[in-house]
Amino acid sequence: MSTNVSPAKGNAVAQDASASPHYRFWLSVALLAATVMQVLDITIVSVALPYMAGSLSANTSQISWVVTSYLVAAAISTPLTGFLAARFGRRQLLLASLGGFVVVSGLCGVSQDLMEIVFLRLLQGLVGAPLPSLAQAMLIEAYPPEMRGRITARWSLAVVAGPILGPVIGGILVTHLDWRWVFYVNLPAGLLAWILAYRFSSPSTAIEKRSIDLPGFAGMAIGLGALQVVLDQGNRMGWFSSQRIVILTILAVLTLGFFLWRALTRGDSIVHLRLLRNRDFGIASLASITFGAGFYGIVTYQPIFLEHLLGYPPETAGWISAARGITAMLGMLLTGRLIHRTGPLVWALTGCVISAVGGYAMTGYDLHIGLSAALWPGILQGIGLGMAFTAIATLAFRSLPKTATADAAGLFGVMRVLGGAIGVSLMSTLLSHCTQSAWNHLGGFVTSFNPALHDYLNALPTSSLPAQFTLLQQVLLRHVEMQAYLNGFYALAAIFLLSTIILLIAIRFRDSATTRSGQRG
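Residues 34 to 554 (my numbering) are what the sequence shown spells out, left to right.
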């Protein structure tokens with residue numbers, strides 16, 4: 034005997050099934066795995082960059098594009114998440130993004146030259162960018178309001194744990210296999226996430242035929258790309274003494290200005306900047322930019338510092354980063370359980386202060402530090418990172434209507450990734466500039482009129498003058514690069530403090546608004 038089920042009843046049954054704990058669990062596994070995989074690829078390549086540079090015949094400045102091209106592509110593509118999800122459905126977009134990310138990851142692993150891998154990383158960033166925002170929106174909708182703080186903590190854990198654990202996994206793969214495996218590792222993980230998402234995600238019930246402001250989106254894409262080139266190559270080209278940098282700066286200002294004008298005056302903008310009028314979301318988004326800059330700057334360049342300057346093996350450098358990741362997870366779990374008692378602002382503020390203190394502690398590094406001295410600043414910083422990231426994400430969505438979740442998740446993701454791109458480029462520029470400046474300063478002491486120089490050269494194990502000066506050059510270069518990294522760590526600590534200032538302003542505004550409301554009442 035056959036049974037006919039009406040469409041309405043069938044939808045109700047599907048919704049009941051998708052709301053069950055069993056479905057929620059496996060959907061959460063798929064979504065969190067997709068998030069970890071996408072954000073992991075930001076930093077998993079950091080420990081492999083020296084090996085990639087040698088294999089692909091690239092210098093340090095050129096190979097950094099493997100990281101920044103991914104970040105810029107993600108910043109450009111993330112705003113499309115809301116539009117594509119509304120137009121094709123969240124489930125369809127999730128499956129397409131996951132599948133595309135897996136395929137392009139495999140192609141990255143077989144790259145044979147620098148231009149090929151930079152292009153493929155750009156493509157990887159484009160197709161994978163929707164994953165964190167989609168996961169955040171789908172998780173928020175899958176759970177009741179009273180559980181959103183806890184599920185937001187889990188999503189934040191995935192977003193932060195990915196970049197932090199990236200150097201660990203990358204170090205193990207590079208040490209025991211090959212740098213290409215930092216991309217091949219996405220194949221089994223991505224395939225498993227795709228199968229779970231296909232099985233346990235519910236089909237979208239409403240598809241909107243939204244219009245899209247293509248000129249505005251083009252302005253944003255061109256502007257962000259031009260800005261990233263300026264930040265990456267400005268120091269090497271002499272900044273505004275270079276005609277190319279001047280042209281790219283003007284292009285970035287004009288196109289981004291055009292994009293902002295279109296976004297604020299049109300209802301079909303790809304980025305709904307009007308969401309920033311919501312005070313909680315606006316403050317959280319601004320804090321996310323500065324916090325993301327400090328976070329990605331630290332997790333990208335500390336492994337390079339440990340490997341390149343202190344001579345740590347990639348695997349050891351990765352495990353030092355893992356210590357930060359473990360404490361970040363503890364900070365997130367603690368915040369997720371207690372955030373409902375005091376609200377997110379207190380936890381965000383506390384986390385940013387602890388992150389700044391941990392960043393400042395890294396300025397005490399020297400060329401002879403032991404393992405424990407390299408570990409404890411990251412352990413302290415991880416606690417703050419976990420607290421702040423969870424609290425900022427919770428603050429962003431606290432007072433937004435449920436219908437704005439997808440668009441807000443896309444915009445919030447743009448802010449985070451854009452901050453990360455700025456942080457990585459800022460560190461690259463600072464290292465280049467400070468290295469040259471310190472070299473000029475220390476080089477001034479290398480003169481025949483300096484008696485200390487003669488004493489140093491006479492104490493060397495070789496009497497050959499060219500060999501002596503080669504050894505001297507190597508020693509000076511290590512000290513010069515050490516000073517450059519210390520200046521970079523100072524800058525990143527200051528960026529965390531800037532996030533603190535933004536949150537303090539938010540508290541001041543909220544207190545003022547509450548006082549005025551009470552006086553009127």
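Don't be surprised by glycine CBs; every beta carbon is placed ideally from N, CA and C.
Asked, Found
"Does DSSP put Pro346 in a helix, a strand or coil?", "coil"
"Ordered along the chain, which non-local residues of its own chain (more than five positions away) have a Cβ less than 6 Å from that of Ile566?", "Lying before the first or after the last residue shown, residue 566 is absent from the chain, which here runs from 34 to 554."
"Can you look up Tyr103 in the DSSP assignment and give me helix, strand or coil?", "helix"
"What's the call for His305, buried or exposed, on a 16-neighbour Cβ count within 10 Å?", "buried"
"Do Gly252 and Leu308 have their beta-carbon atoms positioned less than 8 Å apart in this structure?", "no"
"How do the region 348-360 and the region 195-214 stand: do at least 3 beta-carbon pairs fall below 8 Å, yes or no?", "yes"
"Considering only their Cβ atoms, is the gap separating Ile303 from Phe250 smaller than 8 Å?", "yes"
"Please report how far the alpha carbon of Ala524 lies from the alpha carbon of Arg511, in whole angstroms.", "20 Å"
"In three-state terms, what does DSSP make of Arg299?", "coil"
"Please state the DSSP three-state secondary structure of Tyr329.", "helix"
"Mapping DSSP to helix, strand and coil, what is Tyr398?", "coil"
"From what residue to what residue does the alpha helix (DSSP H) around Trp214 run?", "214-217"
"Locate the alpha helix (DSSP H) running through Gly403, then write down its first and last residues.", "Looking at the DSSP string, Gly403 is not in any alpha helix (DSSP H), and its letter there is neither H nor E."
"Got a sec? Which residues, its chain only, sit under 7 Å from Ile534 by beta carbon, not counting five neighbours each side?", "none"
"Looking at the unbroken alpha helix (DSSP H) that takes in Thr127, where does it start and where does it end?", "Rather than Thr, the amino acid found at residue 127 in this sequence is Leu. That run of the alpha helix (DSSP H) goes 123-142."
"Please go through the same chain and pick out, in chain order, the residues whose beta-carbon is closer than 7 Å to the beta-carbon of Val80, but skip the five residues on each side of it.", "Pro200, Gly203, Gly204, Val207, Pro336, Glu340, Pro347, Ala350, Gly351"
"Shortest alpha-carbon distance to Arg123 belongs to which of Leu172, Gly419, Gly344, Gln469?", "Leu172"
"Using only CA atoms, which one of Leu537, Ser274, Ile538, Gly446 lies nearest to Ser166?", "Gly446"
"Which same chain residues end up closer than 7 Å to Asp146 when comparing Cβ atoms and leaving out the 5 residues on each side of it in sequence?", "Leu89"
"Nearest to Arg213 by alpha carbon, out of Val99, Leu264, Phe324, Arg120?", "Val99"
"So, for Ala222: in the same chain, excluding its five sequence neighbours on each side, which residues have a beta-carbon less than 6 Å away from its beta-carbon?", "Met70"
"Is the separation between the beta-carbon of Ile245 and that of Leu284 shorter than 8 Å?", "no"
"Determine the DSSP secondary structure at Gln145, reduced to helix, strand or coil.", "coil"
"I'd like the span of the alpha helix (DSSP H) that includes Tyr84, first residue to last.", "82-89"
"Assign Val38 to one of three DSSP states: helix, strand, or coil.", "Caution is warranted here: a pLDDT of 41 is assigned to Val38, below 50, making its placement in the model unreliable, and the coordinate value is therefore given only provisionally. Looking at Val38 - three-state DSSP - the assignment turns out to be coil, as it is neither helix nor strand."
"Compare the Cα-Cα distances from Leu404 to each of Gly344, Gly161, Leu229 and report the closest residue.", "Gly344"
"Report yes if the CB atom of Ala107 is closer than 8 Å to the CB atom of Val332, and no otherwise.", "no"
"Return the CA-CA distance between Ser274 and Ser61, expressed in angstroms with no decimal places.", "51 Å"
"Taking the beta carbon of Thr114 as the centre, do at least 16 other beta carbons fall within 10 Å, making it buried, or is it exposed?", "buried"
"Using C-beta distances below 7 Å, list every residue in its chain close to Thr368, excluding the 5 sequence neighbours before and after it, in chain order.", "Ala186, Trp380, Gly419, Met420, Thr423, Ala424"
"Which class does Tyr518 belong to by DSSP, given the choice of helix, strand or coil?", "helix"
"Express the C-alpha separation of Ser465 and Arg57 in angstroms, rounding to a whole number.", "48 Å"
"By the 10 Å Cβ neighbour count, where 16 or more other Cβ atoms means buried, how is Val105 classified, buried or exposed?", "buried"
"Buried or exposed for Thr503, going by 16 or more other Cβ atoms inside 10 Å?", "exposed"
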